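Visitor:
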Amino acid sequence: MKVTSNLIDKYSPGKAMLMYAKSICLLLSVVLLSSCDQEVPSESKTVKTETTSEPMVEQQQAIPGAQTFEEDGITAEIASWGQLQEFIAKQKGKIVVVDLWSTWCEPCLREFPHLVELQKKYPEKVVCVSFNMNYDGSKNSPPESNREELMEFFTEQKADIVNIISSTPDEELYESINLAAIPAAYVYSPDSKLKKRFDNETLAYGQEGFTYNKHIVPLIDEMLKEPQKQDSH
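Sequence positions in the sequence shown follow the UniProt record's numbering and run 1 to 233.
1. Shortest alpha-carbon distance to Glu111 belongs to which of Arg197, Gln207, Ala184?
2. Provide the residue span of the beta strand (DSSP E) that contains Ala89, from first to last.
3. Out of Asn134, Gly93, Ile78, which has the shortest C-alpha to C-alpha gap to residue 315?
4. Going by DSSP, what residues sit across from Leu115 in a beta bridge?
5. Three or more C-beta pairs closer than 8 Å, one from the segment 203 to 212 and one from the segment 136 to 144: is that the case here?
6. Would you be able to state if there are at least three C-beta pairs under 8 Å between the segment 150 to 157 and the segment 187 to 198?
7. So, do the segment 169 to 178 and the segment 212 to 220 have three or more beta carbon pairs nearer to each other than 8 Å?
8. Considering Phe154, what are the terminal residues of the alpha helix (DSSP H) in which it resides?
9. From which residue to which residue does the beta strand (DSSP E) around Asp199 run?
10. Within its chain, find whatever has a CB closer than 6 Å to the CB of Val127; leave out the 5 residues flanking it on each side and keep chain order.
11. Does the beta-carbon of Asn134, which I'm using as the reference point, lie nearer than 7 Å to any heavy atom of the ligand COA?
12. Nearest to Gly73 by CA position, among Ile161, Glu171, Glu124, is which residue?
13. Let me know the secondary structure DSSP gives Ser167 once reduced to three states.
14. Looking only at C-alpha atoms, which of Ile165, Leu115, Pro169, Ala180 sits nearest to Glu77?
15. Between the C-alpha atoms of Ala66 and Met151, what's the straight-line distance to the nearest angstrom?
16. With burial defined as no fewer than 16 other Cβ atoms inside 10 Å of the residue's Cβ, what is the status of Gln85: buried or exposed?
17. Let me check understanding here. Comparing Cα to Cα, which of Thr168, Gly82, Leu115 lies closest to Gly137?
18. Run through DSSP, which three-state label would Ile220 get?
19. Taking only three categories from DSSP, how would you classify Ser176?
20. Using the Cα positions of Glu149 and His114, report the straight-line distance between them to the nearest angstrom.
21. Please classify Ile216 as buried or exposed, where buried requires at least 16 neighbouring CB atoms within 10 angstroms.
22. Relative to the C-alpha of Asn200, which residue among Tyr122, Thr75, Trp101, Glu70 is closest?
23. Can you tell me the Cα-Cα spacing of Ile220 and Ile88, whole angstroms?
24. Below 8 Å CB to CB, which residues in the same chain sit around Ser80 once its five sequence neighbours on both sides are set aside?
25. Here's the rule: buried if 16 or more other CB atoms are within 10 angstroms of the residue's CB, otherwise exposed. What is Ala180?
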């Protein structure tokens, strides 16, 4: 109380009222500034949550949880041969064509556009999968190290199919599936069982090797007729 009395005695009544009013204004300014400081972090948290949430990408993945790349609407996923087999097992009622290829394989590159055409021809009945085997198991060159080269190729080809970048080293896969070399193509029937494997280990398809137009597409056409034949009996 002595401190307050001294302040009032030091100034006249008019000046005391003016100082009191200034004190009130200063107090209100501090409160307003404090309120603004509290609102900014709240707003930034909301933006961060919205930008980091990508549920649609998860729903569109062929391989759940796989590392996925996207460019111009074309996607590619890193997955193993085993994960691909799990995906095939879920495609009941559809024919699945898996093309094993690499960017250094000329016959593979020559036939790749026909794999894309096959998907366009039968969008509801066939699932086309490109399984890239560039990865050789090197620690210095992991599967994702070829991402830019592969995504550029996929977009140029307009490869709106299931594109998988193998996480299984090439030699390990060759041994596990008893395959000498690529190109190779696996055709699975609607019950997810292997119907036929196409490869060039012999001269069964001539010097040129197997092609989509001469060998794979005719097989697919015949397979699609099979349910109609069964229904007619």
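Cβ atoms here follow ideal geometry from the backbone N, Cα and C, with glycine treated the same way.
Note that the coordinates shown come from a computational prediction; the quantities given were computed from them, not determined experimentally.
Guide: The structure says:
1. Ala184
2. Here Ala89 belongs to no beta strand (DSSP E); instead the alpha helix (DSSP H) covers 81 to 89.
3. Residue coverage of the chain in this structure runs from 1 to 233, which leaves residue 315 outside it and unanswerable.
4. Beta-bridge pairing links Leu115 to no other residue.
5. no
6. no
7. no
8. 147 to 156
9. 194 to 199
10. Gln91, Lys94, Val96
11. As far as ligands go, the structure on display features none, and thus does not contain the ligand COA.
12. Ile161
13. coil
14. Ile165
15. 16 Å
16. exposed
17. Thr168
18. helix
19. helix
20. 20 Å
21. buried
22. Trp101
23. 16 Å
24. Ser166, Ser167, Thr168
25. exposed
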